Amino acid sequence: MTSESSLSEQEILKRLLEGDEVIFNQVFKQYYNSMQAVAYAIAGSVIADEVVQEAWFSALKALPKFEGRSSLKSWLIRIVANEAKTRRRKENRSVSLEAVQDTWATDPRFTENSHWKNPSSQWHGDTPEDLLVADELKDCIEKNMLKLPENQLAALRLRDAGGLSMDELCNILEVSSSNVRVLLHRARDKMLNVIDHFQVTGEC
Amino acid sequence: MLPNCKQVAEQASENIDQPLTGIRWLKMKIHLLMCAYCNRYNKQIQISSNMVSSICQESQPNEDVRINVKKTFDEMHCRQDKHKETD
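Chains L and P are the protein sequences, given in the same order.
Take 6 as the starting number for the first sequence in the working numbering and just add one per residue.
Take 16 as the starting number for the second sequence in the working numbering and just add one per residue.
Dropping the structure here:
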């Protein structure tokens, strides 16, 4: 028996066109996080799932014409990005970049010479698996991710959860690569602080 | 001149997405060899990124969306099958 995960993309497309339910469920699950991250980044959290759904309807309709010039993932990302941009225009929603400039310049963890004054502590593990043994930490990270400025969360989800390339992030967020780097750094640094606080105090 | 700790902290995140090369990589590497705090931060920012990734990967798709899309997927193939039968 062939494992679904070892199928070539051509075979996956063939099976999707034949109506293979197992493959459909696998593909839907595999790309959901990336598609949802794109929808969230462009159209916002409230309608992100709705946008993903509409994008899937469009993708299914266009699937017989898909020639495989790009990967299935890139194709789905393009469709969801277009759908999200259309919805954003309709709802007149704009993405703010204010949070790029936050308190990093006056970060109290550094001295005036930009050396560490309050460095992070030594953690009780070296891998995510070691650290995520505590369910409370996972809940704490999830809760604090939602407190991130919208564009930092969008960048973090697109990159670390969706696995999108830096070029894709620039296109989706419509910012320069240096701004994307800043957004990602701020977001990861805040998550590092959340984990560090939990490691030191055992509390969120 | 070597980067300071704040600059190395920024480069640590940048290095996850686009590994530093050449002289920038070398300067960062030298700083990391000399600075235990930055060395620790460099490892921890990578772990933080992996943890976010791991937590997000665990999240399940919205079930209502999956059901609606699946329904459309099934309907499309029902229509195709009917066309084949009439042919």
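Note that beta-carbon positions come from the ideal geometry of N, C-alpha and C, so glycine has one too.
All figures in this text were calculated on a predicted structure; none of them were measured in a lab.
Beta-bridge pairing by DSSP links Phe115 of chain L to L:Trp121.
Taken through DSSP and simplified to helix, strand or coil, Arg74 of chain L comes out as coil. Asp140 of chain L is outside the set of residues whose beta carbon lies under 8 angstroms from a beta carbon in chain P. A straight-line Cα-Cα distance of about 19 angstroms links Lys95 of chain L and Phe62 of chain L.
For the region 63 to 81 of chain P, the set of residues with a beta-carbon nearer than 9 angstroms to any beta-carbon of chain L comprises Ser63, Ser64, Asn65, Met66, Val67, Ser68, Ser69, Ile70, Cys71, Gln72, Glu73, Ser74, Gln75, Pro76, Asn77, Asp79, Val80, Arg81, in chain order. Two segments are said to touch when three or more pairs of C-beta atoms, one from each, lie closer than 8 angstroms; by this definition the region 23 to 41 of chain L touches the region 166 to 173 of chain L. Per DSSP, reduced to three states, the secondary structure at Leu18 of chain L is helical. With its beta carbon less than 8 angstroms from one in chain P, Ile200 of chain L belongs to the interface. The beta carbons of Ala89 of chain L and Val27 of chain L sit no closer together than 8 angstroms. Shown here, Trp128 of chain L sits in coil according to DSSP, grouped into three states, outside any helix or strand. At a cut-off of 8 angstroms between beta-carbon atoms, Ile60 of chain P makes contact with chain L. Note that the C-beta distance between Gly24 of chain L and His46 of chain P is not below 8 angstroms. Secondary structure remark: continuous alpha helix (DSSP H) runs of at least 4 residues inside the region 129 to 186 of chain L, in chain order: 133 to 136, 140 to 150, 155 to 161, 171 to 178. Cβ atoms of Leu174 of chain L and Leu163 of chain L come within 8 angstroms of each other, at about 5 angstroms.
Boundaries of the alpha helix (DSSP H) harbouring Ser69 of chain P: 51 to 73, taken from the DSSP string. At a cut-off of 8 angstroms between C-beta atoms, Ile146 of chain L counts as an interface residue with respect to chain P. The region 202 to 209 of chain L and the region 136 to 156 of chain L touch, with no fewer than 3 CB-CB distances between them shorter than 8 angstroms. By alpha-carbon distance to Asn198 of chain L, the top candidate from P:Arg55, P:Pro34, P:Met49 is P:Arg55.
Under the DSSP assignment, Met40 of chain L falls in the alpha helix (DSSP H) whose first and last residues are 26 to 48. The C-beta of Leu169 of chain L comes no closer than 8 angstroms to any C-beta of chain P. By the Cβ-count criterion, Glu73 of chain P is exposed, with fewer than 16 other Cβ atoms from all chains shown falling within 10 Å of its own Cβ. Around Leu17 of chain P, the same chain offers Lys42, Ile45, His46 as residues with beta carbons nearer than 7 angstroms, after the five sequence neighbours per side are excluded.
Thr111 of chain L and Pro124 of chain L have their C-alpha atoms some 15 angstroms from each other. With its beta carbon at least 8 angstroms from every one in chain L, His46 of chain P lies outside the interface.
Residue burial is scored here from C-beta neighbours: Gln33 of chain P has fewer than 16 other C-beta atoms within 10 angstroms and is therefore classed as exposed.
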